[in-house]
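Residue numbers (full-length UniProt numbering): 1 to 805.
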């Protein structure tokens, strides 16, 4: 079955009738088994795709059975290409006969088992072991000291090149590269140029492959195999500070750029030889909705690279982890086919870009990206001096742009979503470039920022990178890809439904993430205006992984209609709901202004902060007295104690040193449930704390009603007090401030109560229960782990106050 990405491509490509078969691994394997009369249908795994719109598409499949594995090259032709294939067919370059009527040939498809290749006929010598042995001996006969050796293909691009690993029984090892005629000179010249200074670099602990033979007639390059482990294979291992290879890789690249090989091509990064416009066209073909954005970034990258590429040094030209070998004593660098004189930051940016791509693909965790990047940069700086940060970020964006078609070319499922995500990563790095570019003074000598800027520049959004890995899931793609998010917003938010093409999603940023549970996402929108400046709007999306939170959406919508809006006489509001999208598991609300109490205390805001706790207490009383919610669950003291007990027991299991103290807290919590005075149930927030309130000079906004229930009013007030007490412990330098805010809140809240209400009698108990919950919370948030013991100690001290009350 075709993925949605491949299905869309096939529907847009009528010139290649075999494309639907070529892109469907299961269907191709079935037809191939019939074509070849195979006793067992092989499993087909796509390894590589190359597509020329309207002309042909080539795919490499790994075919596997219980007893063997082999590669096949599948080509889907257009009409002219198929007719030419029929006229030139001689039985030596493919396994399917175009003159026979089969399901494959009827779809204009040819199949060749490797090493058959119509453009690299020399590969035919590798078809049989005896022929292979004789052929290899003919060009390395002076190097091989025995008759026993093995040959394994380690890289292959149909019609372009193949690389073989040749290893003798005496442990001599060689790399044999067989290259298509038009590309041979491009590979030979830099290989010979670097060979002349190989020993100089070896003295600096940088190893290059020794060039043994360059056979121009047969278009073969033979070199010694470098020692060490390929860096790409090490990417999945945990970084170790004492053996971190990435600093050494940076120093090795710096040494490479400082060297002076003779004979390299000297060229500049200009629009004429730039790949970005071509890549933008490829993206436009694969994902038409991304055409405009892809062309924009291609043009911007091309223009800005010309500005930032004054310095020219010898460069590798395709520097990334697969081209690097690491051992204890040196760093080896491979494959100089694209080496020339150019901007050294192209190699720096390309390495970082490929690290990001490898992380996105899942080779290692996203939080390692910043560590790898920083170690690599520092190593490079140790050899070449300070980096121009704006230029580096531009080259990282350029390197990521070159990865845009990788999801399609490597046969990833739902590759159109992945291409959109890579474009998001390009946008993120390009924005960092523009920010650095505005901050960096420039003169004719290409001014550079000091290396200390490395520690100040923001790390890539790990939230976004982690979430993007989930994008094969359609609902996540709908939330995080600009074009698809725009379609969902137009469909699900009545306020925007009539805007159509006038609505643009400029940026998407996850601002809060609870891994595997929920995410708060900001969407920066722009509405095009014909006779005035475009209107910019920001909205929020609340995404829940297990399914859209209909309850929170309904509660907030009802409260807004009941008067908790801009017209509220007390200035108490909730954000306006904009729409709900069950398919994407998200609902949308308006962004509202204001700052939380924590932000006000930190900034010492004189106009808002002194009255903030009083206003919050009055707003809470308003919520309890003036709201009525349909279909709202009930929450009792028994529910609270049961939930608290479960969490405390989990803490005791993980932290046995606190087990005795936690046992006392659990025992008292259970006894408290029998002491409380019965009070009426009202609408309660149930997660009321300082971050759930935003304040301006005139307005107060209540946020996040996901847990809204009917229950005792003292629960909300107690929860707010408990958070202030916890802040006094966690922010010890501001302890007196937070305790003062707690006193002001308590006094103000009690003033809102009518005489004789039972709430004050219960408030101490609910506050203590909420505070004890912070024992568990401190174990769930890394920067609060150090406070667990202090919270337990404080909770035990409060027991006497509870007994007296």
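Even for Gly, the Cβ is constructed at its ideal location relative to N, Cα and C. The structure presented is a predicted model; accordingly, all values stated were derived computationally and were not measured.
Q: With a floor of 4 residues, list each alpha helix (DSSP H) that falls wholly inside the region 256-328, ordered by position along the chain.
A: 276-286 and 291-308
Q: Would you identify the three-state DSSP class for residue 49, choosing helix, strand or coil?
A: strand
Q: Thinking residue 333 and residue 256 are a contact (beta carbons under 8 Å), I'd like their distance in whole angstroms, please.
A: 7 Å
Q.
Comparing C-alpha positions only, which one of 108, 650, 400 and 150 sits nearest to residue 128?
A. 150
**Q.** Runs of alpha helix (DSSP H) lying entirely within the region 353-425, each at least 4 residues, in chain order
**A.** 368-384, 389-402 and 406-409
(Q) Just to confirm my understanding: we take residue 322, look at its own chain, exclude 5 residues before and 5 after, and list those with CB closer than 6 Å. What are they? (A) 232
Q. Buried or exposed: which applies to residue 704, given that a residue is buried once 16 or more other Cβ atoms fall within 10 Å of its Cβ?
A. buried
Q: Answer with buried or exposed for residue 243, where buried requires no fewer than 16 other C-beta atoms within 10 angstroms of its C-beta.
A: Residue confidence is low: residue 243 scores 44 on pLDDT, short of 50, so the model does not pin down where it sits. Its coordinate-derived value is still stated next. The residue is exposed, with fewer than 16 neighbouring Cβ atoms inside 10 Å.
**Q.** Neighbour-count burial assignment, residue 148, 16 or more Cβ in a 10 Å radius
**A.** exposed
Q.
Helix, strand or coil, according to DSSP, for residue 514 in the structure here?
A. strand
**Q.** DSSP-derived helix/strand/coil call for residue 619
**A.** helix
**Q.** CB contact flag (residue 123, residue 72, <8 Å)
**A.** no
Q) Should residue 486 go down as buried or exposed, given a rule of 16 or more other Cβ atoms within 10 Å for buried? A) buried
Q. CB-CB under 6 Å to residue 287, same chain, minus the five flanking residues each way: which ones, in chain order?
A. 416 and 419
Q | Cβ-Cβ distance between residue 480 and residue 508 below 8 Å | A | yes
**Q.** Nonlocal neighbours in the same chain, by C-beta distance under 7 Å from residue 778, ignoring five residues either side
**A.** 784, 785, 787, 788 and 791
Q. From the DSSP output, which residues share a beta bridge with residue 332?
A. 207 and 325
Q. How would you write the range of the beta strand (DSSP E) that residue 177 sits in, first residue to last?
A. 173-179
Q: Would you check whether the ligand SAH has a heavy atom nearer than 7 Å to the C-beta of residue 174?
A: Absent from the structure shown: the ligand SAH. Ligands present: none.
Q) What is the residue span of the alpha helix (DSSP H) that residue 783 lies within? A) Segment: none, residue 783 is in no alpha helix (DSSP H) and carries neither H nor E.
Q.
Need the endpoints of the alpha helix (DSSP H) that residue 168 sits in, please.
A. Segment 161-168 is the beta strand (DSSP E) holding residue 168; no alpha helix (DSSP H) there.
Q: Just tell me which of 347, 134, 546 and 78 has its CA closest to the CA of residue 817.
A: Past the boundaries of the shown model lies residue 817; the chain is included only from 1 to 805, so the question cannot be answered.
Q: Look at the Cβ atom of residue 326, then the Cβ atom of residue 200, and state whether they are nearer than 8 Å.
A: no
Q. In angstroms, rounded to a whole number, what distance separates the CA positions of residue 196 and residue 301?
A. 34 Å
Q | Candidates 668, 565, 589 and 679: closest to residue 623 by CA position | A | 565
Q | Between the CA atoms of residue 770 and residue 816 - distance to the nearest angstrom | A | Outside the shown range of the chain, which is 1 to 805, sits residue 816, and nothing can be said about it.
**Q.** Limits of the unbroken beta strand (DSSP E) element including residue 10
**A.** Looking at the DSSP string, residue 10 is not in any beta strand (DSSP E); the run it does join, the alpha helix (DSSP H), is 4-11.
Q. Quick one, which of 376, 346, 380 and 97 has its alpha-carbon nearest residue 400's?
A. 346
Q: Return no unless some Cβ of chain D is closer than 8 Å to the Cβ of residue 85.
A: Here chain D cannot be found, since the structure has a single protein chain.
Q: Over the uninterrupted alpha helix (DSSP H) stretch that includes residue 152, give me the two end residues.
A: Segment 149-157 is the beta strand (DSSP E) holding residue 152; no alpha helix (DSSP H) there.
**Q.** Member of 521, 398 and 502 whose CA lies at the smallest distance from the CA of residue 531
**A.** 502
Q) According to DSSP, is residue 564 helix, strand or coil? A) coil
Q. Touching or not, the region 666-674 and the region 640-648, by the rule of three or more beta carbon pairs under 8 Å?
A. yes
Q. So what's residue 222 in DSSP terms, helix, strand or just coil?
A. strand
Q. Where DSSP assigns a beta bridge to residue 247, which residues make up the other side?
A. DSSP lists no partner for residue 247.
Q) Since residue 746 is in the alpha helix (DSSP H), which residue starts that stretch and which ends it? A) 735-751
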